[in-house]
Amino acid sequence: MGVGTYRIFNPFDSLVSTSDPENIQAILATKFTDFELGPSRSQNMFELLGHGIFTADGEAWAHYRQQLKPQFSRDQVSDLEAADHHLQILYRALPQTNSEEVDLLPLLLRFTMDVSTEFLFGKSVNSQTTALQSIDSGNNAELQAEEKFVQAMSDSQDYIIFRIRLSKLWWLARSQKFRDACQTCKDYSANFVQKALSSTSSPSPKTPSSPSPKPFELKLEKKEKYILLNALTTQTRNPTELRDQMLHLLLAGRDTTAALLAWTLLLLSRNPTRYTKYRSIILLHFGPLSSSSSLSFTSLKTCKLLTHILYETLRLYPLVPMNSRVAIRDTVLPVGGGSDGRKPIVVRKGERVTYKQYALNEASFVLTRFLQKYERIEAVDMSGEDGMLGKKLSLTMSPYEARVRLFAARE
Numbered sequence: 122m123g124v125g126t127y128r129i130f131n132p133f134d135s136l137v138s139t140s141d142p143e144n145i146q147a148i149l150a151t152k153f154t155d156f157e158l159g160p161s162r163s164q165n166m167f168e169l170l171g172h173g174i175f176t177a178d179g180e181a182w183a184h185y186r187q188q189l190k191p192q193f194s195r196d197q198v199s200d201l202e203a204a205d206h207h208l209q210i211l212y213r214a215l216p217q218t219n220s221e222e223v224d225l226l227p228l229l230l231r232f233t234m235d236v237s238t239e240f241l242f243g244k245s246v247n248s249q250t251t252a253l254q255s256i257d258s259g260n261n262a263e264l265q266a267e268e269k270f271v272q273a274m275s276d277s278q279d280y281i282i283f284r285i286r287l288s289k290l291w292w293l294a295r296s297q298k299f300r301d302a303c304q305t306c307k308d309y310s311a312n313f314v315q316k317a318l319s320s321t322s323s324p325s326p327k328t329p330s331s332p333s334p335k336p337f338e339l340k341l342e343k344k345e346k347y348i349l350l351n352a353l354t355t356q357t358r359n360p361t362e363l364r365d366q367m368l369h370l371l372l373a374g375r376d377t378t379a380a381l382l383a384w385t386l387l388l389l390s391r392n393p394t395r396y397t398k399y400r401s402i403i404l405l406h407f408g409p410l411s412s413s414s415s416l417s418f419t420s421l422k423t424c425k426l427l428t429h430i431l432y433e434t435l436r437l438y439p440l441v442p443m444n445s446r447v448a449i450r451d452t453v454l455p456v457g458g459g460s461d462g463r464k465p466i467v468v469r470k471g472e473r474v475t476y477k478q479y480a481l482n483e484a485s486f487v488l489t490r491f492l493q494k495y496e497r498i499e500a501v502d503m504s505g506e507d508g509m510l511g512k513k514l515s516l517t518m519s520p521y522e523a524r525v526r527l528f529a530a531r532e
């Protein structure tokens, strides 16, 4: 077989590993119906997440997706006021002098946790504020519950990662600490679900009072506060289903967003010349930061440079570097067989196929010329070489553009 696709045999079974774009496109799009997530993801995550969109297959997945898709329309996700509030707290958490080193990842994880919980539940866990204040055991009961929930989410995810690595022996990683952490997360989510179900029949949340303006705070477009949980109660009144869906969305909204922000900041810090150039373009597009600055979802979308920088970061460091699917029938992938590895390869029913998005950088790439008009740039290179070395924003960058199983928020 070729180096891009090969079969691995182990004591339990065999699996196919691939980094060929043609095979990834087949798995996620052209032969989508030949594959499913399989039982392992649901088994590993059930104790924390229950049933939801990220562990479901077939009709169950279609059901959950239909529930969530209306909640991620542009009007619903374009409210930046809450994000700006937590961004100001993130700024306060940063060192006050440039001479200090700082581990940004914990700060970014708290930021995305705070934004996600406010969007989902209507109330943030305020983990960044809690860390800033270094509140000890003298916390009030509400703050203690929030801090306990944040820690439980981290602990349970650590166990889940370990269980995934154990493959068919996943059931060995089930300690009392893991069970307690999962129950804490479920109880926290269930509390908000119960409040949402017990509230008035109208799912529309009330508009919160306007906070007093702060120095150097962006003036954002005002709109009614949107709470996803309240809106979702119009789709289902099942408390367990609502609880599980909230945990699924929180898991996705926290870690992946924080990782993307962290990688982007790291790459920009390693390329100060490009950072300075990009910053000047951002200032030209939005104007200098001031109390009169106006920022909206629409204005962010029209700044193509921001999109290209994030896409290039995702190309270099995909948020899900490896993933897998299980064949539900005997099928064939386009390449990986034959003496040269370029012939089709058979995948047997029940066989797992792992695909490596991080290895797509080793596939054939496209050289693009540096263009003065940034809105026409196909890819922004931040890898440090001279010139613009990158890929078009297509399957060779990420299979997102070719997949059927798109998450509703991605659209």
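If you number the sequence shown the way this note's numbering does, the last residue is 532 and the count never jumps. Where a beta carbon is used, it is the ideal one built from N, C-alpha and C, also for glycine.
Classification of D235 by the beta-carbon crowding that lies within 10 angstroms, buried from 16 upward: Walking along the sequence shown from the start, residue 235 turns up at place 114. Here D235 is buried, its C-beta having at least 16 other C-beta atoms within 10 Å.
Contact set for L382: own chain, Cβ-Cβ below 7 Å, skip 5 residues either direction: For the purposes of this step, residue 382 is identified with residue 261 of the sequence shown, where counting begins at 1. Only L229 meet the Cβ criterion.
The alpha helix (DSSP H) enclosing L208, as first and last residue numbers: Locating residue 208 in the sequence shown gives position 87, where the first residue counts as 1. From DSSP, the alpha helix (DSSP H) with L208 extends over E202 to A214.
DSSP-derived helix/strand/coil call for F232: Here residue 232 refers to the residue found at position 111 of the sequence shown. Correct three-state label for F232: helix.
Cα-Cα separation between L208 and F232, rounded to whole angstroms: Sequence index remark: in the sequence shown, residue 208 carries index 87 (1-based). Sequence index remark: in the sequence shown, residue 232 carries index 111 (1-based). Straight through space, the alpha carbons of F232 and L208 are spaced by roughly 7 Å.
Own chain residues within Cβ distance below 7 Å of W292, not counting five before or after: Position 171 of the sequence shown, counted from the first residue, corresponds to residue 292. Short of 7 Å from the beta carbon of W292, and not among the five residues preceding or following it, lies no beta carbon of its own chain.
Contact the stretch 459-466 vs the stretch 428-447: 3+ CB pairs below 8 Å: The stretch 459-466 makes no contact with the stretch 428-447: fewer than 3 CB pairs, one atom from each, lie closer than 8 Å.
Beta-carbon gap between I174 and R446 smaller than 9 Å: Walking along the sequence shown from the start, residue 174 turns up at place 53. Walking along the sequence shown from the start, residue 446 turns up at place 325. Contact flag unset, no.
Environment of R469 [buried if 16+ CB atoms lie within 10 Å]: Position 348 of the sequence shown, counted from the first residue, corresponds to residue 469. Taking every protein chain shown into account, the CB of R469 has fewer than 16 other CB atoms within 10 angstroms, so this residue is exposed.
For H206 and F130, the rounded distance between their alpha carbons: As a working note, residue 130 is residue 9 in the sequence shown. As a working note, residue 206 is residue 85 in the sequence shown. Approximately 52 Å between the Cα atoms of the pair.
Spatial neighbours of R375 in its chain, beta-carbon cut-off 6 Å, leaving aside the 5 residues before and after: The residue labelled residue 375 in the question sits at position 254 within the sequence shown. Taken in chain order, the residues that qualify are T233, M234 and S237.
C-beta contact flag for L103 and R358 at 9 Å: No answer is possible for residue 103: it lies beyond the span of the chain, which begins at 122 and ends at 532.
Cα-Cα separation between Q356 and Q188, rounded to whole angstroms: Looking up residue 356 in the sequence shown gives position 235. Looking up residue 188 in the sequence shown gives position 67. When the Cα atoms are used, Q356 and Q188 turn out to be separated by approximately 6 Å.
Distance CB(Q192)-CB(L353) smaller than 9 Å: The residue you call residue 192 lines up with position 71 of the sequence shown. The residue you call residue 353 lines up with position 232 of the sequence shown. The answer is yes: Cβ separation under 9 Å.
For T397, the first and last residue of its enclosing alpha helix (DSSP H): Along the sequence shown, read from residue 1 onward, the residue named residue 397 stands at position 276. Here the alpha helix (DSSP H) through T397 covers P393 to F407.
Local conformation of A177 per DSSP, three classes: On the sequence shown, residue 177 is found 56 positions in, with the first residue counted as 1. In this structure, DSSP gives A177 a state outside helix and strand, which the three-state scheme calls coil.
Counted within 10 angstroms of its Cβ, other Cβ atoms place R162 as buried (16 or more) or exposed: The residue given as residue 162 occupies position 41 in the sequence shown. Buried, since its Cβ has 16 or more Cβ neighbours within 10 Å.
9 Å Cβ cutoff met for L350 and S277: The residue you call residue 350 lines up with position 229 of the sequence shown. The residue you call residue 277 lines up with position 156 of the sequence shown. No.
Cβ-based neighbour list, C424, same chain, cut-off 8 Å, excluding 5 preceding and 5 following: Along the sequence shown, one-based indexing puts residue 424 at 303. Excluding positions up to five away in sequence, the list reads I403, H406 and F407.
Rounded straight-line distance, which links the Cα of A150 to that of E362: Here residue 362 corresponds to residue number 241 of the sequence shown, with the count starting at 1. Here residue 150 corresponds to residue number 29 of the sequence shown, with the count starting at 1. Roughly 28 Å between the two C-alpha positions.
L427 to I285 span [Cα, whole Å]: The residue you call residue 427 lines up with position 306 of the sequence shown. The residue you call residue 285 lines up with position 164 of the sequence shown. The C-alpha of I285 is placed about 34 Å away from the C-alpha of L427.
Same chain, Cβ closer than 7 Å to E441, neighbours up to 5 away in sequence not counted: Residue numbering aside, residue 441 sits at position 320 when the sequence shown is read from its first letter. In the sequence on display, residue 441 carries Val and not Glu. Closer than 7 Å at the Cβ level, and outside the excluded window around V441, lie Q478.
Segment contact, 8 Å Cβ cut-off, at least three pairs: the stretch 378-398 with the stretch 447-457: Under the three-pair Cβ rule at 8 Å, the stretch 378-398 does not count as touching the stretch 447-457.
Expected contact under 8 Å - CB spacing of L481 and P216 to nearest Å: Here residue 481 refers to the residue found at position 360 of the sequence shown. Here residue 216 refers to the residue found at position 95 of the sequence shown. At roughly 36 Å, the Cβ-Cβ gap does not stay under 8 Å, so L481 and P216 are not in contact.
With 16 other Cβ atoms within 10 Å as the buried cut-off, status of V487: The residue labelled residue 487 in the question sits at position 366 within the sequence shown. Note that V487 has pLDDT 32, beneath the 50 cutoff, so the model's placement of it is unreliable and the number below is only indicative. Exposed is the call here.
Candidates A302, P360 and Q272: closest to V314 by CA position: The residue labelled residue 314 in the question sits at position 193 within the sequence shown. Measuring from the Cα of V314, the nearest candidate turns out to be P360.
Nearest neighbour of Q304, chosen from G171, W182 and L201 [CA to CA]: Here residue 304 refers to the residue found at position 183 of the sequence shown. Of the listed residues, the one whose Cα sits closest to Q304 is G171.
Alpha helix (DSSP H) segment containing S466, residue limits: On the sequence shown, position 345 is the one that residue 466 refers to. Checking the sequence shown, residue 466 turns out to be Ile, not Ser. Segment K464 to V468 is the beta strand (DSSP E) holding I466; no alpha helix (DSSP H) there.
Continuous alpha helix (DSSP H) stretch holding K477: start and end: What you label residue 477 is simply residue 356 of the sequence shown in a count that begins at 1. Counting along the chain, K477 falls outside any alpha helix (DSSP H), though it belongs to the beta strand (DSSP E) covering R473 to K477.
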